Amino acid sequence: MKERMTAQKLKTAKGQTPLVWMTAYDYSQALLLEEAEIDVILVGDSVGTTVMGYDSTIPVTLDNMIYHASLVRRGAPRTMMVVDLPFLTYTDVSTALKSAGRLIQETLADAVKLEGGRKIIEQVDALVRHDIPVVGHLGLTPQSIHTFGGYRVQARTGEGIRALVDDARALDDHGISALVLEGIPDRVAAYVTQHVSVPTIGIGAGNQTDGQVLVFHDGLGLSSRYPKFAKPFADVRGTVLEGLRQYRAEVQSRSFPDDAHSYHVPDKEWNEFWSHVTQDR
Numbered sequence: 001m002k003e004r005m006t007a008q009k010l011k012t013a014k015g016q017t018p019l020v021w022m023t024a025y026d027y028s029q030a031l032l033l034e035e036a037e038i039d040v041i042l043v044g045d046s047v048g049t050t051v052m053g054y055d056s057t058i059p060v061t062l063d064n065m066i067y068h069a070s071l072v073r074r075g076a077p078r079t080m081m082v083v084d085l086p087f088l089t090y091t092d093v094s095t096a097l098k099s100a101g102r103l104i105q106e107t108l109a110d111a112v113k114l115e116g117g118r119k120i121i122e123q124v125d126a127l128v129r130h131d132i133p134v135v136g137h138l139g140l141t142p143q144s145i146h147t148f149g150g151y152r153v154q155a156r157t158g159e160g161i162r163a164l165v166d167d168a169r170a171l172d173d174h175g176i177s178a179l180v181l182e183g184i185p186d187r188v189a190a191y192v193t194q195h196v197s198v199p200t201i202g203i204g205a206g207n208q209t210d211g212q213v214l215v216f217h218d219g220l221g222l223s224s225r226y227p228k229f230a231k232p233f234a235d236v237r238g239t240v241l242e243g244l245r246q247y248r249a250e251v252q253s254r255s256f257p258d259d260a261h262s263y264h265v266p267d268k269e270w271n272e273f274w275s276h277v278t279q280d281r
């Protein structure tokens, strides 16, 4: 097992071998990611769309995040775990401290992730001041989906690029440990990466960031459809469907369970039982 990543080591990893992040939402997924030596596990509020069946992350609550992050921590006790603060749980300094404090205490998270730039600087300051490592998130921020009017690529105009760069610099200046860049043009992500001191982690942001993050279900081929930036590295969905269909067929034909998958009683014991049955008739 390689050395565990920490918030401090994360900062020094900038410009080195690209960092590998992936989301996880339960114990079994976390076991696999730790065995595969993924650098950082992100317990994302994407659990709302991948596991809970919502069409956005908006309905996800802090209790939901604590539950899923606790499962992940038990499955991956030696891997750095970053946990999303969900919608409306960091609207002001007091709320942010309370929410992040619960996540750190109840899940043993190593850091929390917040969406937004300069508008949440006071919250970032307060968290960092209270020794809670913070990961920023700019670009296509799913908690702002109603404002964006859908899942659309951000920072595609000169004004939009300048705003994102200013947000990134502000977050960097105020002590974040890393910055997730989602759904932005590759040249914009590369520019931001060159002009902030912390590692940038891309998802739909090209390959010039300091690392990449993928949703577990997208990366392993468990989803039924994929965003442009996602690449399935396995066809788990296809394998599972094939197995389920084979299971259904064998149950219906009574070929499963066969003799090898059944328990047996010795003839002597069965005959003893049967003798009593016949005597009782």
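Under the UniProt record's numbering, think of the first position of the sequence shown as 1, with each following residue one higher. Every residue, glycine too, gets a C-beta built ideally from N, C-alpha and C. Being a predicted model, the structure only gives us computed values, none of them experimental.
- Item | Close-in-space but distant-in-sequence residues of the same chain around TYR27 (CB under 8 Å, 5 per side omitted) | Closer than 8 Å at the Cβ level, and outside the excluded window around TYR27, lie LEU71, VAL72, ARG74, GLY75.
- Bounding residues of the alpha helix (DSSP H) (the contiguous stretch that carries GLY12): Here the sequence assigns Thr to residue 12, which means Gly is not the residue at that position. THR12 -> alpha helix (DSSP H) spans 7–12.
- Task: With DSSP collapsed to three states, give me the class of HIS146.
- Result: HIS146: helix per DSSP, three-state reduction.
- Message: I need the straight-line Cα distance from ASN175 to LEU138, nearest angstrom please.
- Response: Rather than Asn, the amino acid found at residue 175 in this sequence is Gly. In a straight line, the C-alpha of GLY175 is about 15 Å away from that of LEU138.
- Item | Proximity to GLU115 [Cα-Cα], best of PRO86, LYS228, GLU272 | GLU115 has its Cα closest to that of PRO86, out of PRO86, LYS228, GLU272.
- Task: Determine the DSSP secondary structure at GLU37, reduced to helix, strand or coil.
- Result: Three-state result, GLU37: coil.
- Is SER56 near ILE145, with beta carbons less than 8 Å apart? Their beta carbons are under 8 Å apart, which means SER56 touches ILE145 by this criterion.
- Item | Supposed close pair ALA69, VAL43 - CB separation, criterion 8 Å | The pair is a contact, with the Cβ atoms about 4 Å apart (cut-off 8 Å).
- Message: Please return the same chain residues whose Cβ sits closer than 6 Å to the Cβ of TYR226, not counting the five positions on each side in sequence.
- Response: Same-chain partners within the cutoff: ASP218.
- Terminal residues of the alpha helix (DSSP H) in which HIS137 lies: Element bounds for HIS137: not the alpha helix (DSSP H) but the beta strand (DSSP E), 134–139.
- Just tell me which of THR278, VAL277, THR17 has its CA closest to the CA of ASP210. Residue THR17 is the option with its Cα nearest to ASP210.
- Considering LYS113, what are the terminal residues of the beta strand (DSSP E) in which it resides? LYS113 -> beta strand (DSSP E) spans 111–113.
- Message: On the criterion of 16 or more Cβ atoms from any shown chain inside 10 Å, does ALA260 qualify as buried, or is it exposed?
- Response: Burial call: exposed.
- Keeping to the same chain, check which residues put their C-beta closer than 6 Å to that of LEU140; ignore five residues upstream and five downstream. Excluding residues within five positions, the ones whose Cβ falls inside 6 Å are GLN154, GLU182, GLY183.
- Task: Give every residue of the same chain whose Cβ lies closer than 6 Å to the Cβ of GLU106, excluding the five residues on either side of it in the sequence, and list them in chain order.
- Result: Here GLU106 has ILE66 as same chain residues with Cβ atoms under 6 Å from its own Cβ, once five neighbours each way along the sequence are excluded.
- Terminal residues of the beta strand (DSSP E) in which GLU3 lies: Per DSSP, GLU3 is not a residue of any beta strand (DSSP E), being assigned neither H nor E.
- Query: What residue from PHE148, LEU220, THR91 has the CA that sits closest to LYS119's CA?
  - Reply: When C-alpha distances from LYS119 are compared across PHE148, LEU220, THR91, the shortest belongs to THR91.
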